[in-house]
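Undergrad: If you read the sequences in order, they're chains A and B. With full-length UniProt numbering, the residue at position 179 of the first sequence is 179, and numbering never jumps. With full-length UniProt numbering, the residue at position 78 of the second sequence is 78, and numbering never jumps. Don't be surprised by glycine CBs; every beta carbon is placed ideally from N, CA and C. Only a predicted model underlies this, so the values are computations on that prediction, with no experimental measurement involved.
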Amino acid sequence: MDGGGVAELREAHRLTGHSDRVWSLAWNPSPGAGASPVLASCGGDKAVRIWKRAADGAWHCSDVLEDTHNRTVRSCAWSPDGKLLATASFDSTTAIWEYSGGDFECVATLEGHENEVKSVSWSPSGSLLATCSRDKTVWIWEMQPGNEYECVAVLQGHTQDVKMVQWHPFLDVLVSVSYDNSIRVWADDGDDEWHCVQILTEADNCGHSSTVWALSFNQKGDRMVTCSDDRTLKIWDTSADLSQPKTGGNHGSWRHLSTLTGYQGRTIFSAHWSR
Amino acid sequence: MTVGMINANPVVHERPERAAHPHAANALDPLDVFDTVRDIKDPEHPYSLEQLSVLSEESVSVDEKLGRIQITFTPTVQHCSMATVIGLCLRLKLMQNFPPHFKIDIKVAPGSLANEESVNKQLNDKERVAAALENPNLRQLVDECLCSNF
């Protein structure tokens, strides 16, 4: 890094194998004690690939998960304990994969969305899973014993396809972003009823003026970044605890802090806080 | 009269003569792009997009330095539900013929379509485009428009 603080990026490794566009990547947050890093990737070739770094530093593809999804696999997400991988597909299903006995096995298929599933996210405890779709809905699934997943809520409110869902890093608060330009925040009211507790829009909150593609929280969970087709990044103060909408009384709300504009000439598809 | 046609009687133009155009060997100019898309068949009619004046050479702009191709097309009628199909055809044809680093923008001409803004947004959302091209019925329609011989 030089005095100007501009970081230099160099290609360290090139992972080849997918035969079509790669849509999503996910680091395994918990590959096991002493284990080397593990990465999952998925894409337009309908396949998921698992990549591992060997002791000598070289990367190789250890597993190819195919013949389960019959359209593009749009996104993938590891459970917090690193034992399960969820994959969301344009074929309208979400698959759950378990690593056991040296192989990845598809242990559950979550069906219910009317069309393309675009994103999947595990709650901080790993007991809940959220998915979103072009059908404008967000579904919350609860993990039951025996690899059963029960849909506990179908969240309606977005007026266009929902591009991404992501849980807060330690609260059961879910955020969804959409082609309708809005950001919605969802929480359980304490009686297992899920509600939209805040909507962040251009008109009311200095929100985005076009499709919101992605979001990411910082590690502390008090800041969120969103990125958009409007070519901006927006930083939000998310320090207000929205997880108990009923008991919270005047629980405050999330608010816009700043807009980063002029750095990108085209759509910003993805953003991620460093850890 | 054909029932269900969106524009049953389009204005059809003669196909203009084509002369080879001189240009630098490695440079991409708008005419190269236009040559790639001018013979795409209209989804509704047995004519090319050029014959129906949906496209002309002026529809294309290229910024090779920035790696951008922009096409602005003009649907034949204000309420053309085929506009998204035409847009998909253009995008797929360009994706098949130009390197992936080219950024492609496809828009309808200002004022040419009632729902101009929503069509433009849809045609430039790479996720919606990818999903649409995986839809078998839509893909068949697009492929038929692309494999025509004029």
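Less than 9 Å between the C-beta atoms of S178 (chain A) and L155 (chain A), yes or no?
TA: On the first sequence, position 178 is the one that residue 178 (chain A) refers to. On the first sequence, position 155 is the one that residue 155 (chain A) refers to. It is not a contact, given that the beta carbons lie outside the stated cut-off.
Undergrad: If I measure Cβ to Cβ from T84 (chain B) and keep anything under 7 Å in the same chain, skipping five residues before and after, which residues do I get?
TA: Counting from one through the second sequence, the residue named residue 84 (chain B) turns up at place 84. Only V119, Q122 and L123 meet the Cβ criterion.
Undergrad: Could you give the DSSP three-state label for C145 (chain B): helix, strand or coil?
TA: One-based indexing of the second sequence puts residue 145 (chain B) at position 145. Helix at C145 (chain B).
Undergrad: Any C-beta of chain A sitting closer than 9 Å to the C-beta of K121 (chain B)?
TA: In the second sequence, counting from the first residue as 1, residue 121 (chain B) sits at position 121. Yes, K121 (chain B) counts as interfacial toward chain A.
Undergrad: Does DSSP put T84 (chain B) in a helix, a strand or coil?
TA: What you label residue 84 (chain B) is simply residue 84 of the second sequence in a count that begins at 1. T84 (chain B) falls in the helix class under three-state DSSP.
Undergrad: DSSP on G265 (chain A), reduced to helix/strand/coil?
TA: Stepping through the first sequence from its first residue, residue 265 (chain A) is reached at position 265. Of the three classes helix, strand and coil, the one that applies to G265 (chain A) here is coil, per DSSP.
Undergrad: In chain order, what residues of the same chain lie with their CB nearer than 7 Å to the CB of K46 (chain A), ignoring the 5 residues before and after it?
TA: Taking the first sequence and counting its residues from 1, one reaches residue 46 (chain A) at position 46. Cβ within range, chain order: E66, H69, N70, R71, T72 and V73.
Undergrad: Assuming Q51 (chain B) and V77 (chain B) are in contact, meaning their beta carbons sit under 8 Å apart, how far apart are those beta carbons, in whole angstroms?
TA: Looking up residue 51 (chain B) in the second sequence gives position 51. Looking up residue 77 (chain B) in the second sequence gives position 77. So it is not a contact: roughly 16 Å between Cβ atoms.
Undergrad: Taking the beta strand (DSSP E) that V162 (chain A) falls in, what are its first and last residues?
TA: For the purposes of this step, residue 162 (chain A) is taken as the residue at position 162 of the first sequence. Note, V162 (chain A): beta strand (DSSP E), V162 to W167.
Undergrad: Tell me, to the nearest whole angstrom, how far the beta carbon of W167 (chain A) is from that of S123 (chain A); I am working on the premise that it is less than 8 Å.
TA: Here residue 167 (chain A) refers to the residue found at position 167 of the first sequence. Here residue 123 (chain A) refers to the residue found at position 123 of the first sequence. Correct: roughly 5 Å between the Cβ atoms.
Undergrad: Tell me the DSSP bridge mates of C206 (chain A)?
TA: The residue given as residue 206 (chain A) occupies position 206 in the first sequence. Beta-bridge pairing links C206 (chain A) to no other residue.
Undergrad: Can you list the residues of chain A that D35 (chain B) reaches, using a CB-CB cut of under 9 Å?
TA: Position 35 of the second sequence, counted from the first residue, corresponds to residue 35 (chain B). Within chain A, no residue comes near D35 (chain B); the closest Cβ sits about 26 Å away, beyond 9 Å.
Undergrad: Please tell me whether V62 (chain B) and D105 (chain B) are closer than 9 Å, where the distance is taken between their beta carbons.
TA: Looking up residue 62 (chain B) in the second sequence gives position 62. Looking up residue 105 (chain B) in the second sequence gives position 105. No. Outside cutoff.
Undergrad: Just to check my reading of the structure: T201 (chain A) and D229 (chain A) have Cβ atoms closer than 8 Å, yes? What is that Cβ distance to the nearest angstrom?
TA: As a position in the first sequence, residue 201 (chain A) is number 201, starting the count at 1. As a position in the first sequence, residue 229 (chain A) is number 229, starting the count at 1. With 8 Å as the limit, T201 (chain A) and D229 (chain A) do not qualify as a contact, their Cβ atoms being about 15 Å apart.
Undergrad: Using a Cβ-Cβ distance under 9 Å, would residue 311 (chain A) count as near chain B?
TA: Given a span of 1 to 275 for chain A in the structure shown, any question on residue 311 (chain A) remains unanswerable.
Undergrad: Under a CB-based cut-off of 9 Å, is R71 (chain A) close to chain B?
TA: Here the question's residue 71 (chain A) lines up with position 71 in the first sequence. It does: the Cβ of R71 (chain A) has a partner Cβ on chain B nearer than 9 Å.
Undergrad: Using a Cβ-Cβ distance under 9 Å, would residue 151 (chain B) count as near chain A?
TA: A query on residue 151 (chain B) cannot be resolved here, the shown segment of chain B reaching from 1 to 150 and no further.
Undergrad: Quick one: what's got a C-beta closer than 6 Å to Q264 (chain A)'s C-beta in the same chain, skipping five residues either side?
TA: Here the question's residue 264 (chain A) lines up with position 264 in the first sequence. If we look at Q264 (chain A) and ignore the five residues flanking it on each side, its Cβ neighbours are R231.
Undergrad: Report the residues of the UniProt repeat "WD" (205-237) of chain A with a CB closer than 8 Å to any CB of chain B, ordered along the chain.
TA: Against chain B - using a Cβ distance shorter than 8 Å - the residues of the UniProt repeat "WD" (205-237) of chain A are S210, T211 and D229.
Undergrad: Assuming V212 (chain A) and Q198 (chain A) make a contact with CB atoms under 8 Å, what is their CB distance in whole Å?
TA: Counting from one through the first sequence, the residue named residue 212 (chain A) turns up at place 212. Counting from one through the first sequence, the residue named residue 198 (chain A) turns up at place 198. The Cβ separation is near 14 Å, so there is no contact.
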